[in-house]
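Chemist: My questions will all concern the structure given below.
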């Protein structure tokens, strides 16, 4: 599906061009954007700002604190922001509190250029428009693998044997890394690994957590085996740290975000030797699983509920201009876009391969955040060798239960 | 003095001077390192391969053609308009310090001169207030501020910073006023002044050292605050520290990290001027302060 | 001072504190007594860029009705305070019953997030505070004996650790202590251990945080002490010298007693600030080995996608309580001094 969508690119792009004229056809309305702070979103916001003028006002707040502001900002009436740019995890609090509006009317009126796959629908109603994709997957250095005489791994078992081969060949002591910083990053790695088993994280239809089982133990043990080949500082590795290690030529195999591809493969910050030999490939499977041990992410925009219909329409049109084909053509390598006109380059290969191999999207469940936080906090003891896998999972379950009770998901 | 005691004190002088030198080294090295590194590219300053890159600028030479580069400063001040944030910081700091000190002087004076039990309990309450973690307070402000349309504006942030800073200001100024002899203002009152007139004509002229010292700490709090300013200011009203944080972003974009480093070095310059200007008062200020209390 | 005059002097300051600190504290306390309503869950079909799936979501209509009936949520009493995330009474008594020995009990209790945070917070407070005071005093004595001309720049440089914003300060220091960084690599040579990493071992992480804490706060105590030294009466010192007191005796019997009130002031502020230690933990990515009470609050409010206000509120109240207990000796002392003051 993903590849087909990328292949369709050129065909429909002519349609989109019509939305990008000055003023965007609006005569009034206020557009107020809240989003995270990175270059791809700067490009989207700049596209939306092009609609300002002729009675249309466009303001933005792009900040790393957006997740902490969004609920309060959209709860007030009228909402401080008319649109919040979210990912499939951060849309959940907005959904839980009913702070965003269905977009079906607006899509019918102004969304002709959108692909069906860009529409995020919940219970049949469009709640967000996705425009970017991301996932964690393997990065490999072909030159080092060749030197060690191994091929690019497709399973985590192969990652282990390849790392051992690189170590044995005396090339690197710690050839592997993933984003295992205690907290959100570590939680995400466990979610990825657990997803590779194909098992459910919750008892379907309830908020009852279901990771304290053999799958969970196996996933933890796999993480621990991998950490044998990662620098002992691994509990401090966030994606900035792993990217720096990769660009410094200190790694041969890593599990990192596809969104970092553009920045690593460009000519800044690294050597020709590293960039020309870097390849982004699918996330590996492991055990008996057939699904890649990764989760797929999208970024998209939502429209606040507590604003006037006029502002909502203006915001939708401005944001559509923000994610226009012209924007994508001008910012092609800043992200893996889900938009027409995107020409996937080397940096997109890993995400596309992971999606094609059938990786699951990150679970958009109301109580997923509580589990993710519990995982991030409670697993580092196990990886430091201070407690057993069973104890770690029991701690996660207990921490999750306390949080889910407080949020009203468990009695 | 006998030669032996002279020898001993010379030994002591050497010892204490080398101790101070060691301390200065420890205090200054990270900053000097940053100052030097702000003229390099990220690949050198944050090199994962070899820390000596930051000294010699290996990658700086490869990427820019010279071993020093002003890219960080150019990026921060010209491309990213860091001066706007500087202006906002100027406004926030100026008003926070002025208002904090005005409220704190009045309150501190009253607390120092009142012997009733409630004065003690106000001081205690101020301590409890100071114990409250700022992050909880700020999260609590969000909803009402959004609801009443107070969020994002500089005055809101100034008032919050003043309030959060009051407990420390009150305590410090209270101990300063305790050391100003009571007879001074009381004799003025015997001469027919009201309490406020006595405060104005007798206390204000002698209180500056203490106020300036307290002001320095208020200044540093407002200048370096991140918890409040990052959450309560909109993008166009951002002050320096959240702006620096935004150079880092969620994903540290190549080069932007050096904007942050350059901005931090620039942000230290006005503090240098300030400390130099007020160092005499800082010292003599505390002299009159808590010591005798 | 008359009640009325007092009121007018204190009113502006007091109202700022009541409005922005006292009221929030009250509302935080109330919040800590409630939990969210039971959420009504339904299973619906959700679609996105990666296909469709049956998933659980919150039933907006049904939940809204519950919310409107009682906007504060469900009354929970002090149960948030006693749940696993906080005092964990059930888990602690369970550990007491099942523990094989006192060591086992302690390790089981330290596995609970709250107690683990308390352990680090208290260690940090009681290690860093005395060192800050001693280092500050030593530097102040040293600087005081320098020639006048170089005092000014020396004071500025001494203040640097306090001045540079911790946001970037810790970023740079974190890089410096990396095993490839300036400090990390130097330590490896000094200790002749190529595997030494300050970030990997919990013990070394604690020591790193303590050292950073002392480094960061020493300037505060230095400047206060330095100022205090200026007021030590010269005639007393000279008299002591004539009486044949050694340099050490003069320091011990003349200078230090003069400093006692300052020591109280610094102790008060440092105990409080160190008890709320937070920035270095985030700055040094140390949360795997060290968490503090403030860090737990941060984690509840900012750690994930959803915010646990009740839980953060309960930890905040416990923090205030902790600070109050910690400061009790100092407070009693202040109370005695206060009672000697005439009305």
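Residue numbers (the working numbering), protein chains in the order written: chain A, 1 to 411; chain B, 412 to 704; chain C, 705 to 1047. Backbone N, C-alpha and C fix where the C-beta goes; we use that ideal spot for every residue, glycine too. This one's a predicted model, so the numbers in the text were calculated from it and none came from an experiment.
#1: Taking contact to mean 3 or more Cβ pairs, one atom from each stretch, closer than 8 Å, check whether the region 252–259 of chain A and the region 162–178 of chain A are in contact.
#2: Leaving aside the five residues before and after residue 929(C) along the sequence, list all residues of the same chain whose C-beta is less than 7 Å from its C-beta, in chain order.
#3: Use the C-beta contact count for residue 665(B): other C-beta atoms within 10 angstroms, 16 or more gives buried, fewer gives exposed.
#4: Assuming residue 85(A) and residue 41(A) are in contact, meaning their beta carbons sit under 8 Å apart, how far apart are those beta carbons, in whole angstroms?
#5: By alpha-carbon positions, which one of 859(C), 776(C), 796(C) ends up nearest to residue 926(C)?
#6: Expressed to the nearest angstrom, what Euclidean distance is found between the alpha-carbon atoms of residue 405(A) and residue 636(B)?
#7: Could you check where the beta strand (DSSP E) with residue 138(A) kicks off and where it finishes?
#8: Taking CB distances under 8 Å as the criterion, tell me whether residue 21(A) reaches chain B.
#9: Would a check of beta-carbon distances place residue 557(B) closer than 8 Å to chain A?
#10: Return the CA-CA distance between residue 742(C) and residue 1003(C), expressed in angstroms with no decimal places.
#11: Could you please tell me which residues of the region 816–846 of chain C, in chain order, have their CB closer than 9 Å to any CB of chain B?
#12: Between residue 592(B) and residue 934(C), what straight-line distance do the alpha-carbon atoms span, to the nearest angstrom?
#13: Mind checking who residue 751(C) pairs with in its DSSP beta bridge?
#14: Please identify, using Cβ separations under 9 Å, the residues of the region 291–310 of chain A that lie next to chain B, in order along the chain.
#15: Measuring only between beta-carbons, confirm whether residue 239(A) sits less than 8 Å from chain B.
#16: Taking residue 484(B) as the reference, give the member of 446(B), 462(B), 509(B) with the closest Cα.
#17: Could you name each continuous beta strand (DSSP E) segment of 3 residues or more that falls completely within the region 152–221 of chain A, going from the start of the chain to the end?
#18: DSSP three-state label for residue 657(B), please.
#19: Name the residues in the region 31–42 of chain A whose C-beta lies less than 8 Å from a C-beta of chain B; which are they?
#20: Please report the distance separating the alpha-carbon of residue 632(B) from that of residue 680(B).
#21: Per DSSP, which one or two residues make a beta bridge with residue 299(A)?
#22: Would residue 396(A) be called buried (16 or more neighbouring beta carbons within 10 Å of its own) or exposed?
#23: Once you ignore the five residues that flank residue 1088(C) on each side, which residues in its own chain have a CB closer than 7 Å to its CB?
#24: Listed from N- to C-terminal order along the chain, which residues in the region 536–568 of chain B have their beta-carbon within a distance smaller than 7 Å of any beta-carbon of chain A?
#25: Taking only runs of the alpha helix (DSSP H) that begin and end inside the region 874–930 of chain C, which ones reach a length of at least 4 residues, in chain order?
#26: Under a CB-based cut-off of 8 Å, is residue 1035(C) close to chain B?
#27: Expressed to the nearest angstrom, what Euclidean distance is found between the alpha-carbon atoms of residue 117(A) and residue 749(C)?
#28: Hey, quick one: how far does the beta strand (DSSP E) through residue 388(A) stretch, first residue to last?
#29: Which two residues bound the contiguous beta strand (DSSP E) that contains residue 60(A)?
#30: What whole-angstrom Cβ distance do residue 99(A) and residue 71(A) have, given they're in contact under 8 Å?
#31: By DSSP, does residue 284(A) sit in helix, in strand, or in coil?
#32: Can you list, in chain order, the stretches of the alpha helix (DSSP H) that have 4 or more residues and sit fully within the region 25–56 of chain A?
#33: Could one say the Cβ of residue 885(C) lies closer than 8 Å to chain B's Cβ atoms, at least one of them?
#34: Identify, in the order they occur along the chain, each residue of the same chain with its Cβ nearer than 6 Å to the Cβ of residue 537(B), setting aside the five sequence neighbours on each side.
#35: If you reduce the DSSP assignment to three classes, tell me which class residue 868(C) lands in.
#36: Let's test the definition: count the other Cβ atoms within 10 Å of the Cβ of residue 521(B) and tell me whether it reaches 16, buried, or not, exposed.
Modeler: A quick look at the data gives this:
#1: Yes, the region 252–259 of chain A is in contact with the region 162–178 of chain A.
#2: Cβ within range, chain order: 840, 841, 844, 963, 966.
#3: Per the 10 Å Cβ criterion, buried.
#4: Sure, about 6 Å apart at Cβ, within 8 Å.
#5: With distances taken between Cα atoms, residue 926(C) lies closest to 859(C).
#6: Approximately 34 Å, taken between the alpha carbons.
#7: Note, residue 138(A): beta strand (DSSP E), 125–141.
#8: Low confidence applies to residue 21(A): its pLDDT is 48, below 50, so where it sits in the model is not reliable, and the reading given next is rough at best. Judged by the 8 Å Cβ criterion, residue 21(A) is not in contact with chain B.
#9: Yes, residue 557(B) counts as interfacial toward chain A.
#10: Near 23 Å, if we compare the C-alpha coordinates of residue 1003(C) and residue 742(C).
#11: For the region 816–846 of chain C, the set of residues with a beta-carbon nearer than 9 Å to any beta-carbon of chain B comprises 839, 842, 843, 845, 846, in chain order.
#12: Rounded to the nearest angstrom, the two C-alpha atoms are 19 Å apart.
#13: Answer by DSSP bridge pairing, in chain order: 121(A), 756(C).
#14: Those would be none; no residue qualifies.
#15: Chain B places a beta carbon closer than 8 Å to that of residue 239(A), counting this residue as a contact.
#16: Closest in alpha carbon position to residue 484(B), among 446(B), 462(B), 509(B), is 446(B).
#17: Runs of the beta strand (DSSP E) lying entirely within the region 152–221 of chain A, each at least 3 residues long, are 176–178 in chain order.
#18: Reduced to three states, the DSSP call for residue 657(B) is helix.
#19: Of all residues in the region 31–42 of chain A, only 36, 37, 38, 39 come within less than 8 Å of chain B when Cβ atoms are compared, listed by chain position.
#20: Between the alpha carbons of residue 632(B) and residue 680(B) lies a distance of about 17 Å.
#21: For residue 299(A), which the question treats as bridged, DSSP gives the partners 87(A), 132(A).
#22: It is buried - the Cβ of residue 396(A) has at least 16 other Cβ atoms within 10 Å.
#23: Only positions 705 to 1047 of chain C appear in the structure, and residue 1088(C) is not among them; the question remains open.
#24: Result list: 553, 554, 557, 558, 562.
#25: For the region 874–930 of chain C, the full-length alpha helix (DSSP H) segments reaching 4 residues or more read 886–894 along the chain.
#26: Yes, its Cβ sits closer than 8 Å to a Cβ of chain B.
#27: Taking the straight line from one Cα to the other gives about 15 Å.
#28: Where residue 388(A) is concerned, there is no enclosing beta strand (DSSP E), given that its DSSP letter is neither H nor E.
#29: Taken as a continuous stretch (DSSP letters only), the beta strand (DSSP E) holding residue 60(A) covers 56–62.
#30: Contact between residue 99(A) and residue 71(A) holds: CB atoms are separated by about 7 Å, below the 8 Å threshold.
#31: Three-state result, residue 284(A): coil.
#32: Correct list: 39–49.
#33: Answer yes: the Cβ-Cβ gap between residue 885(C) and chain B drops below 8 Å somewhere.
#34: Same-chain partners within the cutoff: 578, 581.
#35: The answer is coil: DSSP assigns residue 868(C) none of H, G, I, E or B.
#36: The C-beta of residue 521(B) has 16 or more other C-beta atoms within 10 Å across all chains shown, which makes the residue buried.
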